[in-house]
Amino acid sequence: ILTDEQRFVQVAISSLDGKAVGLCFSASWCRPRRRFTPLLIQVYDELSSEGQCQFEIVIVPADHDEDSFDRCFSKMPWLAIPFADSNTREKLDVLFRVGGRPHLVILDASGKVLDEQGIEAVREYGAEGYPFIPEKILRLREEEEAAKKEQTLPRLLVSPARDYLISNDGSKVAVSDLEGKIVVMYFSIGTFTCCAEFAPVLAQIYRKLKEAGESFEVVLVSLDDEESSYEQELASMPWLAIPFEDKSRQKLGR
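Residue numbers (UniProt numbering): 1 to 254.
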């Protein structure tokens with residue numbers, strides 16, 4: 001197996017002993033990979049920093065050529081099956097019936113399959129979903145459903161590290177200032193055409209209600225993966241937002 005450190009170093013497969021492994025079937029030409037990989041890197045780094053999680057990612061590449069693989073893999077913090085080992089790559093594709101990419105298969109330390117649809121678990125719950133087994137995901141979903149029954153504005157918008165929202169000029173507004181108001185949660189991905197077309201319409205309604213003195217507020221819950229897109233969207237909007245770095249954005253999106 002390769003690591004991208006110091007220009008692709010061979011790593012013994014025995015280094016995976018005792019670890020859960022995520023086999024990530026991916027390719028540089030795959031557009032969905034471009035959205036998923038930053039999230040997977042974030043989850044991987046978070047689990048690695050905790051020190052107690054015995055977890056590793058191994059890329060199974062399907063690039064058209066080795067140069068494309070090299071460029072893509074050089075930006076990743078984990079391991080990979082060598083591009084030249086086409087026999088192993090093809091064997092794994094067949095074994096796990098890979099029909100599209102990205103595709104993530106979670107294996108336990110013994111090699112037993114824990115989840116063949118790991119993409120969904122990582123997208124929905126991030127590092128919180130570790131070790132990404134169906135039982136853990138089911139428990140998290142049950143907890144979310146229970147929380148919905150006792151939902152309040154602070155529980156929705158406040159996180160352990162934050163009790164405020166931000167405006168487009170960077171100022172902070174306490175979540176408590178919104179209590180008693182009608183609050184619209186605006187979920188958006190700024191790079192999507194439908195969102196870009198809808199935002200000006202909502203902004204016009206927002207300004208009219210504000211001018212009329214209505215007790216009303218909009219909170220942007222951005223589902224953007226890239227901070228530059230998030231900042232560009234927020235800069236054009238007159239309302240408040242959950243900060244980009246706050247992981248509750250993805251949780252609310254569920």
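Where is the CB? At the ideal position from N, CA and C, for every residue including glycine.
Would you call the CB atoms of residue i and residue j closer than 8 Å?
i    : j    : result
Q54  : A12  : no
V58  : L39  : no
I41  : P77  : yes
V219 : L240 : yes
T193 : S229 : no
E46  : L16  : no
D108 : P134 : no
M237 : A212 : no
V184 : L153 : no
V60  : I81  : yes
I166 : P243 : yes
L156 : L23  : no
G118 : L104 : yes
D225 : R35  : yes
Q132 : A147 : It is Phe, not Gln, that sits at residue 132 in the sequence shown. No. Outside cutoff.
E233 : S188 : yes
D63  : C72  : yes
S248 : S176 : no
Which residues share a DSSP beta bridge with residue i?
i    : result
V105 : L23
F69  : The partner list for F69 (beta bridge, DSSP) is empty, contrary to what the question assumes.
E217 : V183
Y164 : A174
S222 : S188
A241 : I166, L220
Rounding to the nearest angstrom, what Cα-Cα distance links residue i and residue j in this structure?
i    : j    : result
Q6   : E90  : Low confidence applies to Q6: its pLDDT is 48, below 50, so where it sits in the model is not reliable, and the reading given next is rough at best. Answer to the nearest angstrom: the Cα atoms are 27 Å apart.
S26  : F216 : 45 Å
R162 : Q250 : 15 Å
L138 : A127 : 15 Å
S28  : D85  : 17 Å
G18  : Y44  : 17 Å
I205 : Y186 : 13 Å
F8   : V173 : 47 Å
G111 : L95  : 13 Å
E197 : E231 : 17 Å
F83  : D70  : 9 Å
Q151 : E143 : 12 Å
Y164 : E214 : 21 Å
N87  : D93  : 10 Å
C30  : K75  : 16 Å
Terminal residues of the continuous alpha helix (DSSP H) containing residue i?
i    : result
I41  : 31-50
D93  : 86-95
A121 : 118-125
P154 : 153-157
S248 : 248-253
L138 : 134-148
S228 : 227-235
I'd like to know whether the C-beta of residue i is nearer than 8 Å to at least one C-beta of chain D.
i    : result
G126 : The chain inventory of the structure shown lacks chain D, comprising one protein chain alone.
Go to residue i, then tell me how far its beta strand (DSSP E) extends in each direction, as first and last residue.
i    : result
P61  : 55-61
V113 : 113-115
Where are the beta strand (DSSP E) runs, 3 residues long or more, that stay fully inside the segment 172-211, in chain order? The beta strand (DSSP E) runs of length 3 or more contained entirely in the segment 172-211 are, from start to end of the chain, 172-174, 182-188.
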